[in-house]
Amino acid sequence: MKNVLKSLINLQEIDRQLFEIEEKKGSLPEQVEKLESQAAIVKSELEDTRSSLDENQKELITIKGTLMDAAEKVKKYQDQLYLVTTNREYDALTNEIETVKSGMVEMEERQLVLETEIEELESTAASSEEQSTAFIEQLEANRDELKEKSDLTDANQIELETQRSKLVKNISQRYLRKYERILKARRRAVVAIDRSACIGCHKQLSPQVVYEIQQMDTFIECENCGRILVYIPKDED
Ligand SMILES: [Zn+2]
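With the first letter of the sequence shown counted as 1, position 43 gets the number 44 in the numbering used here; the numbers rise by one all the way through.
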């Protein structure tokens, strides 16, 4: 019986470590996923800025071209003014010149707006790029670190599971099933006693039961919480 109880104590320690590993593992992929989605947001913001910048620059080039054409047209009309012979032709040309000129004023205003916007977009793109580079570096460093941690965790888990299956072979099904049933319900199935009380539920035990527990020759369950009671000398804590 002593061996069964000692095996159950060891089994519980292995199960505790395996439980911790499962909990840790659960959050690792989540962490990577979160970092990746943040990096994706920064990247898509940068792409938006770049595409707005591109559109503005294209529009600016078109406007500059149209303005040059308009200026040439005005010059041509002004030259023609010297050649007209009637007032009607003169008025028609003057009107034409005014129309082109007012169109030019509008375009020049748009040009100013675009130039201001381009300046702002360029500075936004520059700082986004800086941010994105720094972020990608951080992500890669974190990903490597997480991968290392995860590999280490996997190796640990395999080692513990090997130990567990060896240990379980030496415990009879009757006790093993009992242990597993209590563990599922109470998280700790095997508990020591402290000042003649069950550590699991603090129920006081009779001196006779305490004595039997100390002998470790009997399979004793706490009559209050059902946990398996064992004696762990202080130096083995
Ligand atoms: Zn108890």
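Ideal Cβ placement from N, Cα and C applies to all residues, glycine included.
Open item on the list: Going by DSSP, what residue range makes up the beta strand (DSSP E) through residue 230?
Closed with: Here residue 230 corresponds to residue number 229 of the sequence shown, with the count starting at 1. For residue 230, the enclosing beta strand (DSSP E) begins and ends at 229-231.
Task: Residue range of the alpha helix (DSSP H) that includes residue 211 - done: Reading the sequence shown from its first residue, position 210 is the one you call residue 211. Per DSSP, the unbroken alpha helix (DSSP H) holding residue 211 starts and ends at 208-216.
Task: Backbone CA spacing between residue 26 and residue 41 [nearest angstrom] - done: Within the sequence shown, numbered from 1, the residue matching residue 26 stands at position 25. Within the sequence shown, numbered from 1, the residue matching residue 41 stands at position 40. Approximately 24 Å, taken between the alpha carbons.
Task: Within 6 Å of ligand 1: residues by beta-carbon to any heavy atom - done: Residue selection by CB proximity (closer than 6 Å to any heavy atom of ligand 1) returns 199, 201, 202, 204, 223, 225, 226 and 228 in chain order.
Task: Coil, strand or helix - residue 224 by DSSP - done: Working through the sequence shown from its first residue, we reach residue 224 at position 223. Secondary structure at residue 224: coil, using DSSP grouped into helix, strand and coil.
Task: Short CB-CB distance (under 8 Å) between residue 222 and chain D - done: The structure shown contains no chain D; it is built from a single protein chain.
TODO: Mark residue 180 as exposed unless 16 or more other C-beta atoms lie within 10 angstroms of its C-beta, in which case mark it buried.
DONE: Position 179 of the sequence shown, counted from the first residue, corresponds to residue 180. Residue 180 comes out buried.
Task: Under the three-state DSSP convention, the category residue 85 falls into - done: Reading the sequence shown from its first residue, position 84 is the one you call residue 85. If DSSP states are grouped into helix, strand and coil, residue 85 belongs with coil.
TODO: Keeping to the same chain, check which residues put their C-beta closer than 7 Å to that of residue 237; ignore five residues upstream and five downstream.
DONE: If you number the sequence shown from 1, residue 237 lands on position 236. A caution first: residue 237 carries a pLDDT of 48, below 50, which makes its placement in the model too unreliable to give a value.
- [ ] Look up residue 72 in the DSSP assignment and say whether it is helix, strand or coil.
- [x] The residue you call residue 72 lines up with position 71 of the sequence shown. Three-state result, residue 72: helix.
Open item on the list: So the candidates are 185, 171, 137 and 235; which of them puts its Cα closest to the Cα of residue 3?
Closed with: Here the question's residue 3 lines up with position 2 in the sequence shown. Per the Cα distances, 171.
Task: Cβ neighbour criterion (16 or more within 10 Å) applied to residue 13 - done: For the purposes of this step, residue 13 is identified with residue 12 of the sequence shown, where counting begins at 1. With a 10 Å radius around the Cβ and a threshold of 16 neighbouring Cβ atoms, residue 13 comes out buried.
Open item on the list: Can you look up residue 190 in the DSSP assignment and give me helix, strand or coil?
Closed with: Translated into positions along the sequence shown, residue 190 becomes position 189. Under the three-state reduction of DSSP output, residue 190 falls in the coil class, being neither helix nor strand.
- [ ] Pair every Cβ in the region 64-81 with every Cβ in the region 35-54, then say whether three or more of these pairs are closer than 8 Å.
- [x] The region 64-81 makes no contact with the region 35-54; the number of CB pairs closer than 8 Å stays below 3.
- [ ] Could you tell me the distance, in whole angstroms, from the CA atom of residue 163 to the CA atom of residue 122?
- [x] In the sequence shown, counting from the first residue as 1, residue 163 sits at position 162. In the sequence shown, counting from the first residue as 1, residue 122 sits at position 121. Computed Cα separation, rounded: 59 Å.
Task: Alpha-carbon spacing of residue 112 relative to residue 36, whole angstroms - done: Your numbering for residue 112 matches position 111 in the sequence shown. Your numbering for residue 36 matches position 35 in the sequence shown. Within the model, the alpha-carbon separation for residue 112 versus residue 36 is close to 40 Å.
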